[in-house]
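Here is the structure we will look at, set down as structure tokens.
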Amino acid sequence: MYAIVEIQGQQFKAEQGKKLFVHHMKDVEEGQSVEFEKVLLVDNDGAVTVGAPTVEGAKVVCEVLKPLVKGDKVIVFKMKRRKDSRKKNGHRAQYTQVEIKSIIG
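Numbering follows the working numbering, in which position 103 of the sequence shown is assigned residue number 171; successive positions increment by one, without gaps.
Right, here's the structure in full:
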């Protein structure tokens, strides 16, 4: 059984026991249970239910493993040739690691 769920603007394939890195969620603590109710599709052993836009009564229950995980460093370098113009910038994305406990629906 799996479900396609929307978490903070991104879609993920959720299966029981799977660990996901989602965008950083504020006000969550390690070990806390979180429910996501924007379930777009549910596949229960071949019986597919597609929502319009979401599936009624379906939700995904997750447990927060790590509330703040920093991603890899991304370097942004812009240069215009023959103009003596260079700009170097960078950032590290912040994620929250969650584990799928159950899919209801």
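C-beta atoms are modelled at their ideal positions from N, C-alpha and C, and glycine is treated no differently.
| Asked | Found |
| --- | --- |
| Beta-carbon proximity list for E83, same chain, < 6 angstroms, skipping 5 on both sides | Y70 |
| Short Cβ contact (7 angstroms threshold) for V107 with V123 | yes |
| Continuous beta strand (DSSP E) stretch holding D152: start and end | Segment: none, D152 is in no beta strand (DSSP E) and carries neither H nor E. |
| Own chain, CB closer than 6 angstroms to Q100, minus 5 neighbours either side, in chain order | V132 |
| DSSP three-state assignment for D111, whether helix, strand or coil | strand |
| Close-in-space but distant-in-sequence residues of the same chain around K134 (CB under 8 angstroms, 5 per side omitted) | E98, T164 and Q165 |
| Spatial distance of S170 from R150 (CA atoms) | 58 angstroms |
| Residues near I168 in its chain [Cβ-Cβ closer than 6 angstroms; skip 5 each side] | A82, Q84, K86 and C130 |
| Which of helix, strand or coil DSSP assigns to D140 | strand |
| Where the beta strand (DSSP E) containing V90 begins and where it ends | K87 to H91 |
| Short CB-CB distance (under 7 angstroms) between T117 and chain B | Looking at the structure shown, chain B is missing, and only one protein chain is on hand. |
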